[in-house]
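*Asks:*
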Amino acid sequence: MFRNKFSAFLYIILGLAAIGLLTQLFTNTVDFLTNIMVMLGIGLAIFAVIYVFFFRKRASSNDMKKYKSAVKQSKSKYAPKNFTISDSAKRKQSSQIKRKTSKRATHLRVIDGNKHKRKNRAY
């Protein structure tokens, strides 16, 4: 019973608000739009202040230094390298036999396992 009365009251309030908005829109359009813009601006300003002070977590300065050094190292590692090759070097390179070079990833490391626990399969 209470729920039906509450929902009816809510519908009446929403209907009156809609009628008031439409009346303002058609009778005094410029002031209505000005009020809407001012309300949106104030709402955005309040949201920005709350976001800056409460939600944005700032990293400590030590973490930021580590991050910046890692970014700098990564950029220097993966930056395109431009080499200028002289004419004599080009001739030497073309005259030599090109060998297949195997590239190793420098960031991968071999982990030594339990070498002393190898199975003796010779017996």
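full-length UniProt numbering numbers the first residue of the sequence shown as 1 and each following residue consecutively. All C-beta atoms, glycine included, are put in the ideal place defined by N, C-alpha and C. Computed from a predicted structure; not experimentally measured.
#1: Give, in chain order, every unbroken run of the alpha helix (DSSP H) that is at least 4 residues long and sits entirely within the stretch 5–67.
#2: When the Cα atoms are used, what is the spatial distance from Ile12 to Lys5?
#3: Residues in the same chain with beta-carbon distance under 6 Å from Phe32, minus the five sequence neighbours each way, listed in chain order, please.
#4: Identify whether Val71 lies in helix, strand or coil by the three-state DSSP scheme.
*Replies:* Looking at the coordinates:
#1: 29–50
#2: For the purposes of this step, residue 12 is identified with residue 12 of the sequence shown, where counting begins at 1. For the purposes of this step, residue 5 is identified with residue 5 of the sequence shown, where counting begins at 1. Those two C-alpha atoms are separated by around 11 Å.
#3: Taking the first residue of the sequence shown as 1, we reach residue 32 at position 32. So the qualifying residues of the chain are Gln24 and Leu25.
#4: Counting from 1 along the sequence shown, the entry for residue 71 is found at position 71. Note: Val71 maps to helix in three-state DSSP.
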